[in-house]
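Each residue of the sequence shown is one higher than the one before, counting from 638 in the working numbering. No residue lacks a Cβ here, since even glycine has one placed at the ideal position from N, Cα and C.
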Amino acid sequence: MSEPARRTELRPPTHRYDSRVVAWWRTQWVVITAVVVVPLVILAALIPAARFWLLLPAVVVTIIGGAAAIALPLWWFRFHRWEVTDRAVYTRTGYFWQNWRIAPMSRIQTVDTTRGPIQRLFGLSTVKVTTASSAGAVAIEGLAEADADRVAHELALITDATPGDAT
638 MSEPARRTEL RPPTHRYDSR VVAWWRTQWV VITAVVVVPL VILAALIPAA RFWLLLPAVV
698 VTIIGGAAAI ALPLWWFRFH RWEVTDRAVY TRTGYFWQNW RIAPMSRIQT VDTTRGPIQR
758 LFGLSTVKVT TASSAGAVAI EGLAEADADR VAHELALITD ATPGDAT
């Protein structure tokens with residue numbers, strides 16, 4: 638008799654991102670807000686007749702961007718999870734629109750570790766697991782650099798030992 642097929646089941650991943658991810662997410666919000674607000678303020682300084690109509694949206698965007706930078710990263714940190722097992726990579730993101738992703742080891746094609754400039758300031762990395770799925774890569778953002786290197790190495794070893802052609 639043949640052994641029953643192993644199943645990869647949808648279940649909550651167990652690991653949280655590194656706590657520094659909150660500061661990284663906040664910094665991203667501040668940068669995005671500044672990209673909108675700074676040109677408005679510069680234009681308000683250069684065009685006195687339109688000053689009120691340029692500063693009003695600048696103030697509104699600053700308030701909304703500041704509130705989002707304070708609240709959203711803490712909220713995201715509570716719900717974002719990841720895990721790597723010998724059978725799959727699991728991620729869960731979002732609260733209202735939850736995105737659960739499972740990448741079975743037999744479907745993994747590449748494992749990439751990336752560190753953007755803002756991530757490097759916080760000592761963080763992203764591990765991207767590319768599969769044959771049309772949904773795109775499974776990303777584990779906000780890992781400590783050493784943890785990301787360890788996870789990428791572990792995934793390389795596990796996928797090398799897993800039968801299948803990753804298609």
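Practice task
Let me know if residue 717 comes out buried or exposed under the rule of 16 or more other beta-carbons within 10 Å of its beta-carbon.
Solution key: Within the sequence shown, the letter at position 80 stands for residue 717. Residue 717 is buried by the Cβ-count criterion.
Practice task
Kindly list the residues whose CB is nearer than 6 Å to the CB of residue 775, restricted to its own chain and excluding five residues on each side of it in sequence; keep chain order.
Solution key: On the sequence shown, position 138 is the one that residue 775 refers to. So the list reads 726, 728, 738, 740 and 766, once near-sequence residues are dropped.
Exercise for the section: Spell out a yes or no on whether the region 657-665 and the region 685-704 are touching, meaning 3 or more CB-CB pairs, one atom from each, closer than 8 Å. Expected result: no
Problem - Supposed contact pair residue 763 and residue 782 - C-beta distance, whole angstroms, cut 8 Å - result: Within the sequence shown, the letter at position 145 stands for residue 782. Within the sequence shown, the letter at position 126 stands for residue 763. About 10 Å separates the two Cβ atoms, so there is no contact after all.
Problem - Identified DSSP bridge partners for residue 718 - result: Numbered from its first residue, the sequence shown carries residue 718 at position 81. Residue 718 pairs with 729.
Practice task
Starting from residue 749, follow its DSSP beta bridges and name the residues at the other end.
Solution key: Residue numbering aside, residue 749 sits at position 112 when the sequence shown is read from its first letter. Partner(s): 765.
Practice task
Let me know the secondary structure DSSP gives residue 707 once reduced to three states.
Solution key: For this step, residue 707 is matched to residue 70 along the sequence shown. Helix.
Practice task
Quick one: using the 10 Å Cβ neighbour count with 16 as the cut-off for buried, is residue 768 buried or exposed?
Solution key: Translated into positions along the sequence shown, residue 768 becomes position 131. It counts as buried.
Practice task
Please list, in chain order, all residues of the same chain as residue 791 whose beta carbon is under 8 Å from its beta carbon, the five residues on each side excluded.
Solution key: Locating residue 791 in the sequence shown gives position 154, counting from the first residue. Taken in chain order, the residues that qualify are 721.
Practice task
Mind checking which residues open and close the beta strand (DSSP E) that includes residue 649?
Solution key: Here residue 649 refers to the residue found at position 12 of the sequence shown. Neither: residue 649 is in no beta strand (DSSP E) and is coded neither H nor E.
Exercise for the section: Have a look at 733, 659 and 691 and flag the residue whose alpha-carbon is nearest the alpha-carbon of residue 678. Expected result: As a first step, residue 678 is located in the sequence shown; it is residue number 41 there, counting from the start. Of the candidates 733, 659 and 691, the one whose C-alpha sits nearest the C-alpha of residue 678 is 691.
Exercise for the section: Quick one: grab the DSSP three-state call for residue 661. Expected result: Counted from its first residue, the sequence shown places residue 661 at position 24. Residue 661: helix per DSSP, three-state reduction.
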